[in-house]
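Colleague: For the sequence shown, the positions run 0 to 222 when numbering that gives the first Met the number 0 is used. From the three backbone atoms N, C-alpha and C, an ideal C-beta is built for every residue, glycine too.
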Amino acid sequence: MQTAKEIFLEMLKPDSQPERQLKQYEALHMCLYDPINAYLRGNRKRGTVSVDRWGTTISFPEDAPGAMPLNHGDMAVCRDITRWRETVHAPDIESACTEGWDECRRKARAAAGNEQLVAGFMGTGIFEQCHFLMGFEPTLTNLYEHPGEMHELIEYITEYRLRYVKMFIDNLQPDVIFSHDDWGTKDALFMKPDIALPPLLRLYPLARLHCRAPCRLVSCADS
Numbered sequence: 000m001q002t003a004k005e006i007f008l009e010m011l012k013p014d015s016q017p018e019r020q021l022k023q024y025e026a027l028h029m030c031l032y033d034p035i036n037a038y039l040r041g042n043r044k045r046g047t048v049s050v051d052r053w054g055t056t057i058s059f060p061e062d063a064p065g066a067m068p069l070n071h072g073d074m075a076v077c078r079d080i081t082r083w084r085e086t087v088h089a090p091d092i093e094s095a096c097t098e099g100w101d102e103c104r105r106k107a108r109a110a111a112g113n114e115q116l117v118a119g120f121m122g123t124g125i126f127e128q129c130h131f132l133m134g135f136e137p138t139l140t141n142l143y144e145h146p147g148e149m150h151e152l153i154e155y156i157t158e159y160r161l162r163y164v165k166m167f168i169d170n171l172q173p174d175v176i177f178s179h180d181d182w183g184t185k186d187a188l189f190m191k192p193d194i195a196l197p198p199l200l201r202l203y204p205l206a207r208l209h210c211r212a213p214c215r216l217v218s219c220a221d222s
């Protein structure tokens, strides 16, 4: 009988014949306790309102399934996309997240064992980061009305995410990097594909340049 890890790897093959379908992230040990996640989200606790490393106010009600940004009006980090460089500053993860990797790596490998793959989790993807900074509606509007500035901001966030990927590969050494970004569903994106997808997709082929072994990009979307 195949382990969840073996089934996951089998399903990456073009002619795969897995024994069964996996249950969501069954094959992954999602490492949520690495130094970067602790630095970026360590103060994000249920029943609290906090401010993240980008300056976004985050509300996590006691009865809510997850945390949400409070980013309307004066609470937005980026209130004017034409002046985004004045207010948007990526966290300096390279300086702040230098310690604790050895212990984290050992803990993740022990937890995954032979049954699972170690997965580094990169939440708040590029599109999500944009609307965390300025609000959902302004993000969509700015993609149409100020494409140049939005593409510059997306490029800035992409470069930050690439540094994030490199730190994961160098320090956590995961089998999988789970880069989460919610663009809607595969049949109902939040925006026209030709408007936003080219700059949003740029991260993924560039991330492969940091890989030290053959790697494969796998994408999914809810139907």
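Which value, in whole angstroms, describes the spacing of the CA atoms of residue 3 and residue 186?
Modeller: 29 angstroms
Colleague: Would you mind working out which of 35, 53, 179 and 7 sits nearest residue 22, comparing C-alpha positions?
Modeller: 7
Colleague: Does the distance from the CB of residue 171 to the CB of residue 105 come in under 7 angstroms?
Modeller: no
Colleague: Under the rule that 16 or more other beta-carbon atoms within 10 Å means buried, what is residue 97, buried or exposed?
Modeller: exposed
Colleague: Using the three-state DSSP reduction, which class does residue 64 fall into: helix, strand or coil?
Modeller: coil
Colleague: Residue 48 to residue 35, Cα distance in whole Å?
Modeller: 20 angstroms
Colleague: Whether or not the stretch 7-16 and the stretch 144-152 are in contact is what I'm after, with contact meaning three or more pairs of Cβ atoms, one per stretch, closer than 8 angstroms; do they touch?
Modeller: no
Colleague: Do residue 91 and residue 125 come within 7 angstroms of each other at the CB atom, strictly closer than that value?
Modeller: No; because the gap between Cβ atoms is not below 7 angstroms, this pair is not in contact.
Colleague: Does the distance from the CB of residue 27 to the CB of residue 132 come in under 7 angstroms?
Modeller: no
Colleague: Just to confirm, are residue 80 and residue 130 a CB contact at a threshold of 7 angstroms?
Modeller: no
Colleague: Tell me where the alpha helix (DSSP H) around residue 178 begins and ends.
Modeller: Not the alpha helix (DSSP H): residue 178 falls in the beta strand (DSSP E), residues 175-178.
Colleague: Would you decide whether residue 142 is buried or exposed? Buried here means 16 or more other CB atoms lie within 10 Å of its CB.
Modeller: buried
Colleague: For residue 119 versus residue 173, is the C-beta spacing smaller than 7 angstroms?
Modeller: In this structure, residue 173 lies closer than 7 angstroms to residue 119 by Cβ.
Colleague: Compare the beta carbon distance of residue 88 and residue 134 with 7 angstroms and say whether it is the shorter of the two.
Modeller: no
Colleague: What number of angstroms, rounded off, separates the C-alpha of residue 94 from the C-alpha of residue 156?
Modeller: 17 angstroms
Colleague: Skipping 5 residues on each side, what residues in its chain have a beta carbon closer than 6 angstroms to that of residue 33?
Modeller: 103 and 171
Colleague: Ordered along the chain, which non-local residues of its own chain (more than five positions away) have a Cβ less than 6 angstroms from that of residue 110?
Modeller: 28
Colleague: Could you tell me which uninterrupted alpha helix (DSSP H) segments, each at least 4 residues in length, are contained entirely in the stretch 4-88, listed from first to last along the chain?
Modeller: 34-40
Colleague: Exposed or buried, which one is residue 160 when buried takes at least 16 other CB atoms within 10 Å?
Modeller: buried
Colleague: I need the straight-line Cα distance from residue 39 to residue 166, nearest angstrom please.
Modeller: 14 angstroms
Colleague: Please work out which residues of its chain come closer than 7 angstroms, Cβ to Cβ, to residue 163, disregarding the five sequence neighbours upstream and downstream, and give them in chain order.
Modeller: Annotation for residue 163: 35, 92 and 121 place their beta carbon closer than 7 angstroms to its own, counting only its chain and skipping 5 residues before and after.
Colleague: Please list, in chain order, all residues of the same chain as residue 128 whose beta carbon is under 8 angstroms from its beta carbon, the five residues on each side excluded.
Modeller: Here the set comprises 53 and 156.
Colleague: Measuring alpha carbon to alpha carbon, tell me which residue in 63, 12 and 31 is nearest residue 176.
Modeller: 31
Colleague: Who pairs with residue 116 in a beta bridge, going by DSSP?
Modeller: 27
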